[in-house]
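Participant:
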Ligand code: SIN
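Residue numbers (the numbering used here): 457 to 1005.
Here you go:
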């Protein structure tokens, strides 16, 4: 029996693991692949935060931008809390050895991204997440009390009494890479499993992002919220053949402009007579928002999507030829290298980009300490949103897996690493308090029930079903939704749910089976939440609700 099991090894999971170990707790850190296989590792842009806690105006401006990006429905109390705690938590990261980039004067270089009215984003060039991950993994490996389980997939949470309405989590079952299942008794469990971009065909997320934590907690009785708000990043490299990759919004923060082929032709023609012709005046984005290419992601991604539908092309263009190529290559070395690999030079060639699933704003409903809310189990609803009024004892969720209310209907760029570290700290504090109040540990947890289950002989149908799921979510549940497409998605997902359920009842679990089961379950909740939302706000846009983009 360990004090706490943490599932997931991105910024949120690693940070709380380090904190818990230093507080004297024994920690099991379970991660699906290697420690570094997390969405954090792919985060390019940075971490937003006001470094001077006494600068009231700057704090207020960050609150305002976060609220506005979220369509005004973010939880203002949570927003203020996160914005105010930013400086201390960013300092914690620096103390753990994270090297944020400094300018020639020795001050932190602050970047700009869509929806921000001020420069407040700390970064490590275009590999901020990788730098955070490097420092936190190093710190975590130095903690004797942390036992790491790599290549280990959490299957399901174990409850002390599954029939009770006051449920408590007492451990979990995990699947090892050799396909055996083991029981991990634990006084508390923290879910930090990241997002679920793999539900869509085009995504900036790594292959591990299949929504496991959300699905597992819902099966144990947790409530979710805001799952209809799925963020698509407007600028994922896309040439239709090569694997796509993220082109950070910070590139637009440094002046890059989105254009169609026609916009680019017109701008280049205008430059013949006026060298100073402003590229923004030729961008399709000028019709969508006065902030042009630096509007919030919901607006930019929908405008790009509309252009793709109008033109029938696979991509729009991110234009950088008016910028200093040498500066861009230095500021964005990872992106520049990836582009060179596909024979594109940053600062010279237009970059083909398209929207891709990037971040799931909704997730497990948590309070300000990351404790997971229980849902009302007497109500049978696909959205799984009705609250029981109580907590799912012993369960915490942090990072993208959780929905804290910070983002409202749309996440402001670079607020997610901030949210993760603030809530990771808070969950660590509450975890200690909570563990101190707990009596005798529960012993003799049940083993995973494998009697009568066979090895799955053929994985081919699963591969097909996974592709079918991703097509359904991309075609029917993408950036722009409509009633009939959402209902179509719902029907198709019911069929997939039935298929995976048949396999689940009959066969021993494999990673493919477990992930598909989780993905289908989450896809159904995303669809149900989208059908229920009756107004277009932030990332939720239903054509039938008849509002302009
Ligand atoms: C980016 O660099 O554009 C991604 C940052 C984020 O998702 O906040």
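The beta-carbon is built from N, C-alpha and C at its ideal position, and this holds for glycine as well.
1. Starting from the Cα of residue 691, find the closest Cα among 469, 463, 753, 903 and give me that residue.
2. Considering only the beta carbon of each residue, do residue 578 and residue 566 sit closer than 9 Å?
3. Listed by chain order, which residues have C-beta atoms less than 5 Å from any heavy atom of the ligand SIN?
4. Let me make sure I understand the geometry here. Which of 936, 855, 999, 794 has the alpha-carbon closest to that of residue 464?
5. State the Cα-Cα distance for the pair residue 525 and residue 599, rounded to the nearest angstrom.
6. So, residue 934 versus residue 987, is the Cβ gap smaller than 9 Å?
7. What number of angstroms, rounded off, separates the C-alpha of residue 585 from the C-alpha of residue 594?
8. Roughly how many angstroms separate the alpha carbons of residue 466 and residue 477, rounded to a whole number?
9. Using beta-carbon positions only, say whether residue 804 and residue 703 come within less than 9 Å of one another.
10. Can you list, in chain order, the residues of its chain whose CB lies under 6 Å from that of residue 414, leaving out five sequence neighbours each side?
11. Rounding to the nearest angstrom, what Cα-Cα distance links residue 963 and residue 837 in this structure?
12. Does DSSP put residue 577 in a helix, a strand or coil?
13. I'd like to check one pair, residue 700 with residue 493: are the Cβ atoms closer than 9 Å?
14. Under the three-state reduction of DSSP, which class applies to residue 439: helix, strand or coil?
15. Can you confirm whether the region 938-952 touches the region 890-907 when touching is taken to mean that 3 or more C-beta pairs between the two stretches lie within less than 8 Å?
16. Confirm, please, whether the CB-CB distance from residue 714 to residue 1025 is below 9 Å.
17. Hey, quick one: how far does the beta strand (DSSP E) through residue 840 stretch, first residue to last?
18. By the DSSP assignment, the beta strand (DSSP E) with residue 689 in it spans what residues?
19. Residues bridged to residue 553 by DSSP?
20. If you drop the 5 nearest sequence neighbours on each side, which residues of the same chain put their C-beta closer than 8 Å to that of residue 999?
21. Indicate whether residue 822 and residue 858 have their beta-carbon atoms separated by less than 9 Å.
22. For residue 958, count the other beta carbons within 10 Å of its own beta carbon; 16 or more makes it buried, fewer makes it exposed. Which is it?
23. Look up residue 1005 in the DSSP assignment and say whether it is helix, strand or coil.
24. With 16 as the cutoff for other CB atoms within 10 Å, does residue 511 come out buried or exposed?
25. Look up residue 701 in the DSSP assignment and say whether it is helix, strand or coil.
26. Identify, in the order they occur along the chain, each residue of the same chain with its Cβ nearer than 7 Å to the Cβ of residue 827, setting aside the five sequence neighbours on each side.
27. Does any residue of chain C have a CB that is nearer than 9 Å to the CB of residue 753?
28. Determine the DSSP secondary structure at residue 972, reduced to helix, strand or coil.
29. With burial defined as no fewer than 16 other Cβ atoms inside 10 Å of the residue's Cβ, what is the status of residue 948: buried or exposed?
30. Compute the distance between the beta-carbons of residue 591 and residue 553, then report whether it is under 9 Å.
31. Check the C-beta distance from residue 399 over to residue 978 and give it rounded, since I have them as a contact under 8 Å.
32. On the DSSP bridge assignment, give the partners of residue 681 in chain order.
33. For residue 1040, which of 576, 469, 762 has the nearest alpha-carbon?
Facilitator: Working from what's here:
1. As a position in the chain shown, residue 691 is number 235, starting the count at 1. Ranking the options by Cα distance to residue 691, first place goes to 753.
2. Position 122 of the chain shown, counting from 1, holds the residue named residue 578. Position 110 of the chain shown, counting from 1, holds the residue named residue 566. Contact flag set, yes.
3. This selection yields 500, 501, 704, 705, 869, 870.
4. Within the chain shown, numbered from 1, the residue matching residue 464 stands at position 8. The shortest C-alpha separation from residue 464 is found at 855.
5. Walking along the chain shown from the start, residue 525 turns up at place 69. Walking along the chain shown from the start, residue 599 turns up at place 143. So the two alpha carbons sit approximately 39 Å from each other.
6. Indexing the chain shown from 1 puts residue 934 at position 478. Indexing the chain shown from 1 puts residue 987 at position 531. Cβ distance not < 9 Å, so residue 934 and residue 987 don't count as in contact.
7. Reading the chain shown from its first residue, position 129 is the one you call residue 585. Reading the chain shown from its first residue, position 138 is the one you call residue 594. Going by the C-alpha atoms only, they are around 14 Å apart.
8. Taking the chain shown and counting its residues from 1, one reaches residue 466 at position 10. Taking the chain shown and counting its residues from 1, one reaches residue 477 at position 21. Straight-line Cα distance between these residues: approximately 17 Å.
9. Translated into the one-based positions of the chain shown, residue 804 becomes position 348. Translated into the one-based positions of the chain shown, residue 703 becomes position 247. Contact flag unset, no.
10. With the chain covering only 457 through 1005, there is no way to say anything about residue 414.
11. What you label residue 963 is simply residue 507 of the chain shown in a count that begins at 1. What you label residue 837 is simply residue 381 of the chain shown in a count that begins at 1. Roughly 28 Å separates the two Cα atoms.
12. What you label residue 577 is simply residue 121 of the chain shown in a count that begins at 1. In the structure shown, residue 577 sits in a strand (DSSP, three-state: E or B).
13. Taking the chain shown and counting its residues from 1, one reaches residue 493 at position 37. Taking the chain shown and counting its residues from 1, one reaches residue 700 at position 244. No.
14. Within the shown structure, residues of the chain are numbered from 457 to 1005, placing residue 439 beyond reach of any answer.
15. no
16. Outside the shown range of the chain (457 to 1005) lies residue 1025, about which nothing can therefore be said.
17. The sequence position of residue 840 within the chain shown is 384, counting from 1. Unbroken run through residue 840: none, as it is neither H nor E.
18. The sequence position of residue 689 within the chain shown is 233, counting from 1. Unbroken beta strand (DSSP E) run through residue 689: 686-693.
19. Position 97 of the chain shown, counted from the first residue, corresponds to residue 553. The partner list for residue 553 (beta bridge, DSSP) is empty, contrary to what the question assumes.
20. In the chain shown, residue 999 corresponds to position 543, counting from 1. 936, 937, 938, listed in sequence order.
21. Stepping through the chain shown from its first residue, residue 822 is reached at position 366. Stepping through the chain shown from its first residue, residue 858 is reached at position 402. Contact flag set, yes.
22. As a first step, residue 958 must be located in the chain shown, where it is residue number 502. Exposed, since its Cβ has fewer than 16 Cβ neighbours within 10 Å.
23. Residue numbering aside, residue 1005 sits at position 549 when the chain shown is read from its first letter. Caution applies to residue 1005, whose pLDDT of 48 falls short of 50 and renders its modelled position unreliable; the model cannot decide the point.
24. Along the chain shown, read from residue 1 onward, the residue named residue 511 stands at position 55. Exposed is the call here.
25. Taking the first residue of the chain shown as 1, we reach residue 701 at position 245. Coil, per DSSP.
26. In the chain shown, the residue the question calls residue 827 occupies position 371. The answer, listed in chain order, is 847, 852, 886.
27. Any reference to chain C falls outside this structure, which holds one protein chain only.
28. For this step, residue 972 is matched to residue 516 along the chain shown. If DSSP states are grouped into helix, strand and coil, residue 972 belongs with the helices.
29. Position 492 of the chain shown holds residue 948. It is buried - the Cβ of residue 948 has at least 16 other Cβ atoms within 10 Å.
30. For this step, residue 591 is matched to residue 135 along the chain shown. For this step, residue 553 is matched to residue 97 along the chain shown. Between residue 591 and residue 553, the CB-CB gap stays under 9 Å.
31. Look at the range of the chain in this structure, 457 to 1005, and you will see that residue 399 is not part of it.
32. Indexing the chain shown from 1 puts residue 681 at position 225. Beta-bridge pairing links residue 681 to 819.
33. As shown, the chain starts at 457 and ends at 1005. That puts residue 1040 outside it, with no answer to give.
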